[in-house]
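Numbering (the numbering used here), first residue to last: 353 to 759.
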């Protein structure tokens, strides 16, 4: 009881005198979050599952919550990474959650309650706490606590309030988790969310005596934090069976140096990424010198890494990278100057192809379709991006970027 009273006092103090970047607009959901923490403290035998995405944002946010829960004295914690979009339709996933009491879902784009039907059918489940920054249609359910960047906070740009930073801010309401602030930096860099978090980044770099020059996106990737981010990102892309190894490597590391030494198997992938980036324009097809299409031939699944790096280095270009695996084709689309909402463009194009699905944020989108449909899908994506429907006005861009600190 004394432990929870201490947590409650901190929580109430942080809510009242919040140093958070954005105003709290849904205090009730935060109180629901506090209540589930109280439940776990009073029921330490509860089985907890951390469901997380397999990218840098998902792995780091999952680790932030793992650290918080362990600090609360809880031991029965498992973690599981998911892939794809229709998570609850995968029977093996639902089966793995059958003995779970509380689920924390981190960086997984559940967009409607139907996607959770399988999970919520578990009679033992008390709550699923969704911590995320992706668009949502309807996730209202008595057993769901929704903690999203733009539902709990007055954030106009949830794409850049990535889950790692959101998880860090939420955990910090419960206890001091600054020992793991470097987890959040890896997630921020991995999700290209750094324009929103300049002050936070500068302070953490200074704390760990890592140099960072101003007004230079590339310097983040050239830093020790950038290398750690690349290692996490490349490892989960090519060794899906080793995502758990990467999660555990981060969990068991006290600093960046320890973490990097635990991931030697990722190094070969970095060489492949660098080679693809170096030869990108020689091997790509240009559309009106505005859109660049690149078909990835590598055996490694490195679409998002290549599209992200190329977009950061060429912010006024739309980058489309595709990869064929058997009868399926995967797309990664980026536009980093926030002039075109590629997430909406890709989502609309996907709605016109029966085998396709896709969408994302303003600067980044992912999609997939049957290989036989990929050329038609690609043409639709290019057509939508070149239309005026998804262009953002200067006023919209300024609103999204207000208070952002350029790196």
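Quick reminder that beta carbons are idealized off the backbone N, C-alpha and C, glycines included.
None of the values given here were measured: they were computed from a predicted structure.
May I have a chain-ordered list of the alpha helix (DSSP H) segments no shorter than 4 residues that lie completely inside the region 684-717?
694-702
Below 8 Å on the Cβ atoms is my contact criterion, and I expect residue 583 with residue 608 to pass it. Report the Cβ-Cβ distance as a whole number of Å.
As a first step, residue 583 is located in the chain shown; it is residue number 231 there, counting from the start. As a first step, residue 608 is located in the chain shown; it is residue number 256 there, counting from the start. At roughly 10 Å, the Cβ-Cβ gap does not stay under 8 Å, so residue 583 and residue 608 are not in contact.
Candidates 492, 425, 731, 408: which alpha carbon is nearest residue 545's?
To locate residue 545, count along the chain shown from 1; it is residue 193. For the residues 492, 425, 731, 408, the minimum Cα distance to residue 545 belongs to 408.
CB of residue 525 to nearest heavy atom of the ligand ZN: below 7 Å?
In the structure on display, the ligand ZN does not appear, and there are no ligands present to speak of.
Among the candidates 557, 740, 706, whose CA atom is the shortest distance from the CA of residue 729?
The count along the chain shown starts at 1 and reaches residue 729 at position 377. Among 557, 740, 706, the Cα nearest to that of residue 729 belongs to 706.
Label residue 683 either buried or exposed according to how many other C-beta atoms from any shown protein chain fall within 10 Å of its C-beta, with 16 as the threshold for buried.
The count along the chain shown starts at 1 and reaches residue 683 at position 331. It is buried - the Cβ of residue 683 has at least 16 other Cβ atoms within 10 Å.
Is residue 483 closer than 8 Å to residue 499 when the C-beta atoms are compared?
Start at 1 with the first residue of the chain shown, and residue 499 comes out as number 147. Start at 1 with the first residue of the chain shown, and residue 483 comes out as number 131. Yes, these two residues count as a Cβ contact at 8 Å.
Kindly indicate the opening and closing residues of the alpha helix (DSSP H) around residue 728.
As a first step, residue 728 is located in the chain shown; it is residue number 376 there, counting from the start. Unbroken alpha helix (DSSP H) run through residue 728: 726-738.
Measure the beta-carbon distance from residue 459 to residue 404 and round it to whole angstroms, keeping in mind my assumption that it falls under 8 Å.
Counting from 1 along the chain shown, the entry for residue 459 is found at position 107. Counting from 1 along the chain shown, the entry for residue 404 is found at position 52. Yes, they are in contact, since the Cβ atoms of residue 459 and residue 404 sit about 6 Å apart, within 8 Å.
Compare the C-alpha of residue 507 against each of 375, 586, 737 and name the closest.
As a first step, residue 507 must be located in the chain shown, where it is residue number 155. Per the Cα distances, 375.
From residue 388 to residue 370, what distance separates their C-alpha atoms?
Working through the chain shown from its first residue, we reach residue 388 at position 36. Working through the chain shown from its first residue, we reach residue 370 at position 18. The alpha-carbon atoms of residue 388 and residue 370 are separated by roughly 21 Å.
Please say whether residue 367 and residue 379 have beta carbons closer to each other than 8 Å?
Along the chain shown, read from residue 1 onward, the residue named residue 379 stands at position 27. Along the chain shown, read from residue 1 onward, the residue named residue 367 stands at position 15. Contact flag set, yes.
Can you grab the Cα-Cα spacing for the pair residue 625 / residue 361, in whole Å?
For the purposes of this step, residue 625 is taken as residue 273 along the chain shown, with counting starting at 1. For the purposes of this step, residue 361 is taken as residue 9 along the chain shown, with counting starting at 1. Cα-Cα distance, rounded: 48 Å.
Where does residue 599 sit, in a helix, a strand or coil, going by DSSP?
As a position in the chain shown, residue 599 is number 247, starting the count at 1. If DSSP states are grouped into helix, strand and coil, residue 599 belongs with the helices.
So, at 7 Å on beta carbons, what are the nonlocal neighbours of residue 717 in its own chain, with the 5 sequence-adjacent residues on each side left out?
Position 365 of the chain shown, counting from 1, holds the residue named residue 717. Apart from the 5 residues on each side of it in sequence, residue 717 sits with its Cβ closer than 7 Å to the Cβ of 685, 694, 695, 698, 710, 711 in its chain, given in chain order.
Provide the residue span of the beta strand (DSSP E) that contains residue 647, from first to last.
Along the chain shown, one-based indexing puts residue 647 at 295. Start and end: 643-647.
Exposed or buried, which one is residue 396 when buried takes at least 16 other CB atoms within 10 Å?
Here residue 396 is taken as the residue at index 44 of the chain shown, counted from 1. By the 10 Å Cβ count, residue 396 comes out exposed.
So, using beta-carbon positions, are residue 401 and residue 422 closer together than 8 Å?
Along the chain shown, read from residue 1 onward, the residue named residue 401 stands at position 49. Along the chain shown, read from residue 1 onward, the residue named residue 422 stands at position 70. In this structure, residue 422 does not lie closer than 8 Å to residue 401 by Cβ.
Are the beta-carbon atoms belonging to residue 669 and residue 655 less than 8 Å from one another?
Stepping through the chain shown from its first residue, residue 669 is reached at position 317. Stepping through the chain shown from its first residue, residue 655 is reached at position 303. Result no, Cβ atoms of residue 669 and residue 655 do not sit closer than 8 Å.
Taking buried to mean at least 16 other C-beta atoms within 10 Å of its own C-beta, is residue 504 buried or exposed?
If you number the chain shown from 1, residue 504 lands on position 152. It is buried - the Cβ of residue 504 has at least 16 other Cβ atoms within 10 Å.
To the nearest angstrom, how far is it from the Cα of residue 733 to the Cα of residue 671?
In the chain shown, residue 733 corresponds to position 381, counting from 1. In the chain shown, residue 671 corresponds to position 319, counting from 1. Straight-line Cα distance between these residues: approximately 11 Å.
When you compare only the Cα positions, how much space is there between residue 631 and residue 657?
Stepping through the chain shown from its first residue, residue 631 is reached at position 279. Stepping through the chain shown from its first residue, residue 657 is reached at position 305. Taking the straight line from one Cα to the other gives about 14 Å.
If you follow the beta strand (DSSP E) that residue 776 is part of, which residue opens it and which one closes it?
With the chain covering only 353 through 759, there is no way to say anything about residue 776.
Using the Cα positions of residue 427 and residue 742, report the straight-line distance between them to the nearest angstrom.
As a working note, residue 427 is residue 75 in the chain shown. As a working note, residue 742 is residue 390 in the chain shown. So the two alpha carbons sit approximately 47 Å from each other.
Please list the terminal residues of the continuous beta strand (DSSP E) segment that includes residue 431.
The residue labelled residue 431 in the question sits at position 79 within the chain shown. Residue 431: member of the beta strand (DSSP E) spanning 429-433, first to last residue.
Per DSSP, which one or two residues make a beta bridge with residue 458?
Start at 1 with the first residue of the chain shown, and residue 458 comes out as number 106. Looking at the DSSP assignment, residue 458 forms a beta bridge with 404, 483.
Select from 645, 455, 558 the residue whose C-alpha is nearest the C-alpha of residue 496.
One-based indexing of the chain shown puts residue 496 at position 144. When C-alpha distances from residue 496 are compared across 645, 455, 558, the shortest belongs to 455.
Whose CA, out of 687, 645, 646, 643, lies closest to the CA of residue 664?
The count along the chain shown starts at 1 and reaches residue 664 at position 312. If you compare the alpha carbons of 687, 645, 646, 643 with that of residue 664, the shortest gap goes to 687.
Have a look at the DSSP bridge pairing and note the partners of residue 719.
On the chain shown, position 367 is the one that residue 719 refers to. Partner(s): 683, 710.
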